[in-house]
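Just so you know, the sequences run in chain order A and B.
If you read the first sequence in this note's numbering, its first letter stands for residue 259, the second for the next number, and so on.
If you read the second sequence in this note's numbering, its first letter stands for residue 259, the second for the next number, and so on.
Ideal Cβ positions, reconstructed from N, Cα and C, are used throughout, including at glycine.
Since we're looking at a predicted model, the values are computed, not measured.
Working notes for the structure below.
There are 2 protein chains.
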Amino acid sequence: MKMSDRKKKILQIVVDEYIHSAVPVSSKVIAEKHLQGVSSATVRNELASLEELGYLTQFHTSGGRVPSPQAYRFYIEELMQRGNLSESDLDYIESAFSERSGDVEHLIKSVSKVISDLTDYTSVGIGPHADEETIRNLTLLPCGEGRALLVIVTGTRILRDSFIDIPESMADADVENASRVLAKLFEGKALSEARTVGEEALAEFGQYRQVMREVIDALKTYSRPRDEDVVLTGADKIFNHPEYEDIENVKNFLTVISSKDKIAELIGDDNDEIQISVRIGSGEDDVPEDCSVVTATYAAGGKNLGTYGVIGPMRMDYTKVITVLENVGKALEELVGGRIKDKKDNKDHE
Amino acid sequence: MKMSDRKKKILQIVVDEYIHSAVPVSSKVIAEKHLQGVSSATVRNELASLEELGYLTQFHTSGGRVPSPQAYRFYIEELMQRGNLSESDLDYIESAFSERSGDVEHLIKSVSKVISDLTDYTSVGIGPHADEETIRNLTLLPCGEGRALLVIVTGTRILRDSFIDIPESMADADVENASRVLAKLFEGKALSEARTVGEEALAEFGQYRQVMREVIDALKTYSRPRDEDVVLTGADKIFNHPEYEDIENVKNFLTVISSKDKIAELIGDDNDEIQISVRIGSGEDDVPEDCSVVTATYAAGGKNLGTYGVIGPMRMDYTKVITVLENVGKALEELVGGRIKDKKDNKDHE
DNA sequence: TGTTAGCACTCTCAACCTCAAAGTGCTAAC
DNA sequence: GTTAGCACTTTGAGGTTGAGAGTGCTAACA
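This is how it looks when you write it as structure tokens:
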């Protein structure tokens, strides 16, 4: 069966209305509030037909209609009316990003907080995966007792450090020496590339082979996000949405949310190309039953900036969420793009 | 009124029974299950008296008795029977701490996880506050474009780093030079001490005064715990306890738990001397209504190792929790005490 | 052929009742 | 001081009722 324009219109009304009222939608309110000139009986016929097509369901005979996951998908693809953010929302984004401090940790938290505050949903995010970042600076610092600290600073100022074991026989001077050699070898390379380069150069390292091995191992761990790069903001915001009066939903939600690993899995960068992804839970993937996860993968100047989004009830205000995600993306691009230029002004006010 | 021995005994039975059953305790079960030789009517008289003294309450006339906060306090101070951990619990602690990797982040997470797993409550923790740590190694690394990275490694391998702004006129060699001067000045000092030393030396720094200023500012931020030093493990464990069938309790809980700042406030080091602290929520302090927070502050070799504990319902298994906290403390002390000795063995298996 | 008024039907939800079960307080006897 | 016994209170499950909401269907209408 082909979807008539009126069916689409009615479906759109049902989804919009349900998203904003959280109450099953009846033929009466559609006819009286949104579709003047048509009687409720006519709407009822259309509703019955939309139900047959799989877009609507009802909990019981006299309960009004509720959109199915399929309806939400259709809504997002075809029916949703893109809006603009209010002035105050735009101002909020701008002010939140204006106090720029170099490090990513801070940026990750800001992005997540902005998204959560503006959408009123719980925000999840995962920072830039460093794998393709260029090593700007690599240093090995002696820390006594057979240990050294490996510090790596990359292009967009992602900082990684970890301790590595070194032979106890190595004096501080040896370490400094090794540091210079490693720096020469690795600086300017991407982290992923560095691993290969390291493996190849392994043979030349003679007695310090062990050190090189450790450095390569450390480089490997950088391909996975650290716990600190996974953020969660506004977990308590779920209580602003009536579906979470039901303890079962809260349980589902909290179980996912309580482990950084699970969050990372949920929003993990399965696909770099996708700008905005909407996933509606129905038991298939990691998305909890009755939940939706909307994420955006950000990039600027060819650099991945991480994936951020919200997790909330299936009855989510997709329009608002997507608009916020888009605007945050734009702001982020400007911020990162304009950072070098702005650096001078940024010094005096501290 | 003086508390007779029998009253104490009965109070202890009520608290124990309620902790384990979560059901209001009746005179009948006390007399039949725990206090043979006395009739339920006698117990009833005692219960009425204990209620008058403020130790017990009942939700309604025929509902059995429930301990009041005052009863829990009394129980913890006088009545609780200290127990030992089971073999398997002890093994678990040992195995969890046996794979030692130098960095504190890892340790913090392990401690918190062990506590949560063994107690079956949500565990909260805050890592060692670095303020009294000795600076073992301080380095300033040039990062181009008027920025440098300040890396500080302290005694128990707490690692802190942050970017600081430097005059753009400074060449890499200048930075390295400054790094040497700063290292000489600060190494061996405690972080708190370093701030004063820095302020005093400020005048001598001439054109690099600005750099020194930034370093001191960075040192200041180390006195507060970072978000990463505040841990939360097993938030979903609350659903194993019947009080969290009630959505209101979950709300209270999640609201506190959802912000690292609030957690830090909750368990913040108000008192270094206290080994184990039990706080029972009744709206006075940060502890949420109907919740208890039990924490232990750990130290070894004169070094603070952080504060860890659990947050859960007032009807908490205090005996188990306190036993676990004590045993974790012992294990931690051994671990940190024995670390230098063990370092050699620890290398081969990687 | 599409639309609509009208009505019977279904389902929920709150209010109310009833009744058994649990536990207490009190009294009188030991 | 202890206890048996009993009246009293309260809860909670189960059942009933009636109002309200919303639908599906039918028959009439444009």
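Starting from residue i, follow the alpha helix (DSSP H) in both directions and report where the run begins and ends.
i: T513(B); result: 505–515
i: T300(A); result: 298–310
i: V283(A); result: V283(A) -> no alpha helix (DSSP H), and no H or E assigned at all.
i: L343(A); result: Looking at the DSSP string, L343(A) is not in any alpha helix (DSSP H), and its letter there is neither H nor E.
i: L477(A); result: 467–479
i: L376(A); result: 362–377
i: E523(A); result: 518–525
Run through the DSSP bridge pairs and tell me what residue i is partnered with.
i: G564(B); result: Y556(B)
i: C549(A); result: P571(A)
i: I538(A); result: S550(A)
i: A448(A); result: T392(A)
i: R323(B); result: V283(B)
i: L314(B); result: P325(B)
i: V489(A); result: G383(A)
From residue i to residue j, what does the alpha carbon distance come to, in whole angstroms?
i: K265(B); j: Q533(B); result: 30 Å
i: A289(B); j: V545(B); result: 35 Å
i: E363(A); j: S481(B); result: 18 Å
i: I424(B); j: Y333(B); result: 59 Å
i: Q468(A); j: N562(B); result: 34 Å
i: I277(B); j: S550(B); result: 13 Å
i: V433(A); j: E403(A); result: 12 Å
i: T319(B); j: T300(B); result: 18 Å
i: K286(B); j: V579(B); result: 29 Å
i: R418(B); j: M338(A); result: 47 Å
i: I366(A); j: I384(A); result: 8 Å
i: T555(A); j: S344(A); result: 23 Å
i: E336(A); j: V382(A); result: 26 Å
i: V594(B); j: S353(B); result: 15 Å
i: V272(A); j: Y576(A); result: 14 Å
i: G539(A); j: E547(A); result: 5 Å
i: N604(B); j: L449(B); result: Below a pLDDT of 50, predicted positions are generally treated as unreliable, and N604(B), at 41, falls in that range; the measurement from the model is reported next regardless. Cα to Cα, N604(B) sits roughly 29 Å from L449(B).
i: K509(A); j: D494(B); result: 7 Å
i: P282(A); j: F497(B); result: 30 Å
Of all the CB atoms in chain B, is at least one closer than 7 Å to the CB of residue i?
i: E501(A); result: no
i: N498(A); result: no
i: H607(A); result: In this prediction, H607(A) has a pLDDT of 39, which is less than 50 and means its spatial position is unreliable; nothing more can be read from the coordinates.
i: I505(A); result: yes
i: S516(A); result: yes
i: L593(A); result: no
i: D494(A); result: yes
i: V508(A); result: yes
i: K599(A); result: Residue placement at K599(A) cannot be trusted, given a pLDDT of 42 that sits under 50; what the coordinates show is reported in the next sentence. No - not a single Cβ of chain B is within 7 Å of the one on K599(A).
i: L407(A); result: yes
i: E486(A); result: yes
Got a sec: is the Cβ-Cβ distance from residue i to anything in chain A below 7 Å?
i: T577(B); result: no
i: F317(B); result: no
i: V411(B); result: yes
i: T513(B); result: yes
i: K561(B); result: no
i: E523(B); result: no
If you follow the beta strand (DSSP E) that residue i is part of, which residue opens it and which one closes it?
i: I422(B); result: 417–423
i: R405(B); result: 405–412
i: R394(A); result: 393–400
i: G383(B); result: 380–384
When Cβ atoms are compared, which residues of the stretch 382–403 of chain B fall closer than 9 Å to chain A? R394, N395, T397, L399, P400, C401, G402, E403
Can you list, in chain order, the residues of the stretch 419–437 of chain B whose Cβ is nearer than 8 Å to any Cβ on chain A? D419, S420, F421, D423
Just by C-beta distance, which residues in the stretch 309–333 of chain A are closer than 9 Å to chain B? none
Going along the stretch 337–352 of chain B in order, which residues come within less than 9 Å of chain A, judged by CB to CB distance? none
Any C-beta of chain A within less than 9 Å: which residues of the stretch 276–299 of chain B qualify? none
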